[in-house]
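**Student:**
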Amino acid sequence: MNRHYFLAPLALGLLLAFPVPALAQGRVVITAPENGATLDPMDENRLVYDVEPGPRGDHVHVYIDDQEVGILRKLKGSYLLEAPSSGAHTLCVKVVNKAHVPVGIEKCIKVTVK
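If you count the sequence shown from 1, you need to add 64 to reach the numbering used here.
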């Protein structure tokens with residue numbers, strides 16, 4: 065009998081026993097502003113983020129209410145938000161590939177501007 069038939073299940077078992085989460089997924093964390101925060105349009109409002117792009121991601125884009133407002137090449141840092149109009153808004157940081165297509169790794173928060 066061929067030894068390779070026994071090695072394949074062993075290799076698969078080892079792979080499943082010790083998965084590498086960083087290869088399977090990424091993450092986006094927004095540390096400021098907090099979800100539900102109220103922003104003063106007269107203040108300097110910064111979106112503070114930290115990203116692990118995962119295997120398919122290259123960089124990140126910033127969105128306000130589904131409109132792209134910035135391209136970020138650093139995976140950790142801050143972005144100065146242009147004061148959106150008064151009311152409720154959704155801020156998102158989305159991981160994109162080199163073609164600027166979102167790969168599904170994102171974080172969104174809701175804020176209100178006075």
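All C-beta atoms, glycine included, are put in the ideal place defined by N, C-alpha and C.
1) Out of L111, Q89, L103, point me to the one whose CA is closest to A201's CA.
2) Could you check what DSSP says for S149 in three-state terms: helix, strand or coil?
3) Return helix, strand or coil for P117, following the three-state DSSP convention.
4) CA-CA distance, D107 and V165?
**Tutor:** On the basis of the coordinates in this document:
1) This structure does not reach residue 201, given that the chain is present from 65 up to 178, and the question cannot be answered.
2) coil
3) coil
4) 32 Å
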